[in-house]
Amino acid sequence: MRIRRSIKDTRGEGALFQRRALAGFVLILLGLCVLVSRFEFLQVTRHDEFAIRSTNNSVKPRVLPPARGLIYDRNGVLLADNVPAFRLEVIPDKVKDMPALLAELGKVVPLGQDDLDAFRKQLKLSRRFDSVPLKMRLTEDEIDRFAVNRWRFPGVDVVPYLTRRYPLGALFAHVVGYVSRIDADDLDRLDPVRYKGTSHVGRTGIERSYEDVLHGTPGYELDEVNADGRIQQVLETHPPIPGKNLYLSIDARIQKAAEAAFDGRPGAAVAIDPRNGQVLAMVSVPAFDPNLFVNGISQADYSALTNDPAKPLVNRAMKGVYPPGSTVKPFLALGGLEDGVRKPGDTVLSTGQFCLPGHARCYRDDSRYGDGTVNMVRAIELSTNTYFYKLALDLGIDRLSAWMSRFSFGGKTGIDLVGESEGILPSREWKAAHYKAPWFPGDTVISGIGQGFWAVTPLQLGHAVATLAGHGVPYQPRLVMATKAVAEAQPQPLANPATGPSLISKASNWDVINEGMRAVITGGTGKGLNNGFPYLIAGKSGTAERFSRTTEAYNTNKNSAYLAARHRAWFEAYTPADDPQIAAAVVLESGAWGAQDAGPIVRKIFDAWVVYAKGGPPPVDAPLPKPAAAPANEAAPAQSVPAEDVPADASSSDGTTP
Numbered sequence: 017m018r019i020r021r022s023i024k025d026t027r028g029e030g031a032l033f034q035r036r037a038l039a040g041f042v043l044i045l046l047g048l049c050v051l052v053s054r055f056e057f058l059q060v061t062r063h064d065e066f067a068i069r070s071t072n073n074s075v076k077p078r079v080l081p082p083a084r085g086l087i088y089d090r091n092g093v094l095l096a097d098n099v100p101a102f103r104l105e106v107i108p109d110k111v112k113d114m115p116a117l118l119a120e121l122g123k124v125v126p127l128g129q130d131d132l133d134a135f136r137k138q139l140k141l142s143r144r145f146d147s148v149p150l151k152m153r154l155t156e157d158e159i160d161r162f163a164v165n166r167w168r169f170p171g172v173d174v175v176p177y178l179t180r181r182y183p184l185g186a187l188f189a190h191v192v193g194y195v196s197r198i199d200a201d202d203l204d205r206l207d208p209v210r211y212k213g214t215s216h217v218g219r220t221g222i223e224r225s226y227e228d229v230l231h232g233t234p235g236y237e238l239d240e241v242n243a244d245g246r247i248q249q250v251l252e253t254h255p256p257i258p259g260k261n262l263y264l265s266i267d268a269r270i271q272k273a274a275e276a277a278f279d280g281r282p283g284a285a286v287a288i289d290p291r292n293g294q295v296l297a298m299v300s301v302p303a304f305d306p307n308l309f310v311n312g313i314s315q316a317d318y319s320a321l322t323n324d325p326a327k328p329l330v331n332r333a334m335k336g337v338y339p340p341g342s343t344v345k346p347f348l349a350l351g352g353l354e355d356g357v358r359k360p361g362d363t364v365l366s367t368g369q370f371c372l373p374g375h376a377r378c379y380r381d382d383s384r385y386g387d388g389t390v391n392m393v394r395a396i397e398l399s400t401n402t403y404f405y406k407l408a409l410d411l412g413i414d415r416l417s418a419w420m421s422r423f424s425f426g427g428k429t430g431i432d433l434v435g436e437s438e439g440i441l442p443s444r445e446w447k448a449a450h451y452k453a454p455w456f457p458g459d460t461v462i463s464g465i466g467q468g469f470w471a472v473t474p475l476q477l478g479h480a481v482a483t484l485a486g487h488g489v490p491y492q493p494r495l496v497m498a499t500k501a502v503a504e505a506q507p508q509p510l511a512n513p514a515t516g517p518s519l520i521s522k523a524s525n526w527d528v529i530n531e532g533m534r535a536v537i538t539g540g541t542g543k544g545l546n547n548g549f550p551y552l553i554a555g556k557s558g559t560a561e562r563f564s565r566t567t568e569a570y571n572t573n574k575n576s577a578y579l580a581a582r583h584r585a586w587f588e589a590y591t592p593a594d595d596p597q598i599a600a601a602v603v604l605e606s607g608a609w610g611a612q613d614a615g616p617i618v619r620k621i622f623d624a625w626v627v628y629a630k631g632g633p634p635p636v637d638a639p640l641p642k643p644a645a646a647p648a649n650e651a652a653p654a655q656s657v658p659a660e661d662v663p664a665d666a667s668s669s670d671g672t673t674p
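Here the sequence shown is numbered in our numbering, starting from 17 and rising by one per residue.
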């Protein structure tokens, strides 16, 4: 078999190679041309644009939240402070598996269920690239352990911040209030630009009412960061503007003395300067520690507060409503003088009961056999119900309600706090709206002694007594008396002018009421309260019954515990009686008698006022530590004082109690 062999075409193969090499070279040349043209496009034509984008990738703006304004008492005692702290934050966009990260992170830094619940809730409200707080107030040990393991947790970091602290704790819980973390409802109402980077907002008290003043304006800084997002250097800073500091009219030492006087018994007290409306003390007992709420209160602590039968979260001073009892009698007497229904010398015979013509049911005096013939001064001194039954009927409910409303009963006093209760001022309109029933003469009779539909707050009564003590000139109660911005050298006083002319047309009318309230202290239910006090006190007690009588028999049970379970004990007073400079109202939710139980609390408030504000001699029977210096009219330089360093020191529907 013959094999045919092909002859190799060397020339043809060389020509083919040359063509292919040329085609490859052309393609490479075209590619280089495209690459060069692209470089020219990026580096020359769009150089400025991409230079900016490159810079933006390495420079990140960071919001600088403003420091919250501080809160002081009238003497510069620090009530709300900002202290440095560290928290753990997570950027969700940098976390691939959030549950796994939280599980591993919890082995390094303990995470409670409350921390996780708050984090998950906040996670839903935040954008993926926003930093979300996971755990607040890290300890030094936790910070150290995280620092060692930080490489394991991308997107997690320890962030310094300022957190709110309340040095005096529960003493100012209801007045100053507290801040807490911003939630979904807050996001709907807050300015997103102004609150950028802010994690807390005022929730109650002064913190809430003056949120706009305390918050400040955020700033920002431009940071150069590396590929991991770590800050390399700060390129530019625009500092935030801190919120303004607030100076309250309250004296922390008087506040402390008032709170201590309750000895843990539920109730409230309000003391006001009748010359300008400044609140000198405002106490609600029991109270709570506001520091618990700042960074998220635990479920256990919150349940303990909400389930406490004493209701420590309720601000009794401005939200608690109680029948005022005989404390309304001086105001009713003044209304009789102003309307011309009574003259000071007009008398009424008190025989022990007062009966409406044609009615079988009668209304009793406290004294079974009455007080005999009494004029206005004597009726106030003895708290004679019959006198005020008759006066209320002669005035009529329409004039009675109109007059009492001028003292802010049945309405808000206008104090610079959110959430004030209005109470109830008896009137035809109120009963028709709430009971769909007409007004009866018996309703008017009981209204004359502060029972029936009556309901007032301690703040309302304190404001009314301050207005009376100020010879009828009304001022809105004011807690914040000055503000101070960073750029200001001195605190700027806030004006609080009188809201109108005096409610009293004749000075002689005020003199009569003052004489009657002085008689309460010298010979009436408040006898002995002035002993050892350097100034004259004028006052009035009130013991409002919590239950209506079911029989005509007099209750002869004099056991204090039994009576305290049935009565609300009130006492109102002002001093000096000839030139009033402080007025106070106190209520005990369970007190046997107004003067016996609430009166001493008012006296201790006045004792503290004499020592700390007035600078006079301490009372003989209840000495208090004398301060180094009397408070000045303007706020002094700031000073932080621990709580332990602040020194402490009726009538009814059946007419049975004064």
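Backbone N, C-alpha and C define an ideal beta-carbon position, used for all residues, glycine too.
It should be emphasised that the depicted structure is a prediction, and the values quoted were computed from it without experimental measurement.
Along the chain, where does the beta strand (DSSP E) containing residue i start, and where does it finish?
{"i": "A284", "result": "283-288"}
{"i": "K272", "result": "Premise fails: K272 lies in the alpha helix (DSSP H), 268-278, not in any beta strand (DSSP E)."}
{"i": "V496", "result": "496-500"}
{"i": "W586", "result": "583-591"}
{"i": "K16", "result": "Residue 16 is absent from the structure shown; the chain starts at 17 and stops at 674."}
Can you give me the start and stop residues for the alpha helix (DSSP H) that residue i sits inside?
{"i": "R54", "result": "26-56"}
{"i": "M114", "result": "114-124"}
{"i": "M152", "result": "Counting along the chain, M152 falls outside any alpha helix (DSSP H), and DSSP gives it neither H nor E."}
{"i": "Y405", "result": "401-421"}
{"i": "R384", "result": "Note, R384: premise wrong, no alpha helix (DSSP H); not H, not E."}
{"i": "L104", "result": "Segment 94-106 is the beta strand (DSSP E) holding L104; no alpha helix (DSSP H) there."}
Taking the alpha carbon of residue i as the reference point, which residue from the options has its own alpha carbon closest?
{"i": "Y628", "options": "T61, R269, D382", "result": "R269"}
{"i": "D362", "options": "P339, K556, A498, V528", "result": "V528"}
{"i": "N401", "options": "L416, K428, Q369", "result": "Q369"}
{"i": "F188", "options": "K452, F278, F304", "result": "F304"}
{"i": "A277", "options": "V626, D613, K630", "result": "D613"}
{"i": "V310", "options": "L348, S215, A593, P258", "result": "S215"}
{"i": "E252", "options": "S319, V75, R168", "result": "V75"}
{"i": "Y88", "options": "D279, K447, L348, I266", "result": "I266"}
{"i": "S437", "options": "A83, G426, W446, K447", "result": "G426"}
{"i": "H375", "options": "S424, G435, V461", "result": "V461"}
{"i": "D317", "options": "D130, A349, A601", "result": "D130"}
{"i": "A600", "options": "R377, P616, P255, G540", "result": "P616"}
{"i": "L264", "options": "L365, L296, E237", "result": "L296"}
{"i": "P490", "options": "A503, A480, K260", "result": "A480"}
Who are the near neighbours of residue i in its chain, counting only those whose CB is closer than 6 Å to its CB and skipping five residues on each side?
{"i": "A333", "result": "A284, V286, M298, S300, P474, L475"}
{"i": "L519", "result": "R422, G488"}
{"i": "G544", "result": "none"}
{"i": "T367", "result": "G386"}
{"i": "G15", "result": "Here the chain has residues from 17 to 674 only, and residue 15 is not among them."}
Just mark residue i as buried or exposed, buried being the case when its beta carbon has 16 or more other beta carbons within 10 Å.
{"i": "R54", "result": "exposed"}
{"i": "P183", "result": "buried"}
{"i": "S314", "result": "exposed"}
{"i": "N530", "result": "buried"}
{"i": "D289", "result": "buried"}
{"i": "W526", "result": "buried"}
{"i": "A31", "result": "exposed"}
{"i": "N323", "result": "exposed"}
{"i": "D207", "result": "exposed"}
{"i": "T179", "result": "buried"}
{"i": "Q508", "result": "exposed"}
{"i": "Y590", "result": "buried"}
{"i": "K447", "result": "buried"}
{"i": "G532", "result": "buried"}
{"i": "E588", "result": "buried"}
{"i": "Y451", "result": "exposed"}
{"i": "A395", "result": "buried"}
{"i": "N547", "result": "exposed"}
Can you give me the Cβ contacts of residue i inside the same chain, cut-off strictly under 8 Å, excluding the 5 residues immediately before and after it?
{"i": "D228", "result": "none"}
{"i": "D355", "result": "L411, R415, W419"}
Would you please state the rounded distance, in angstroms, between the beta carbons of residue i and residue j? I believe it to be under 8 Å.
{"i": "G85", "j": "G232", "result": "7 Å"}
{"i": "L154", "j": "R103", "result": "6 Å"}
{"i": "V124", "j": "N165", "result": "5 Å"}
{"i": "L407", "j": "G352", "result": "5 Å"}
{"i": "P714", "j": "L409", "result": "In this structure the chain extends from 17 to 674, so residue 714 is not present and cannot be described."}
Under 8 Å: does the beta carbon of residue i sit that close to some heavy atom of the ligand FMN?
{"i": "F549", "result": "Questions concerning the ligand FMN fall outside what the structure shown contains, since it holds no ligand whatsoever."}
Going along the chain, which residues of its own chain have a beta-carbon closer than 7 Å to the beta-carbon of residue i, five neighbours each way excluded?
{"i": "A471", "result": "V337, Y338, P339, G439, I440"}
{"i": "G218", "result": "G193, V195, R224, E227, L230"}
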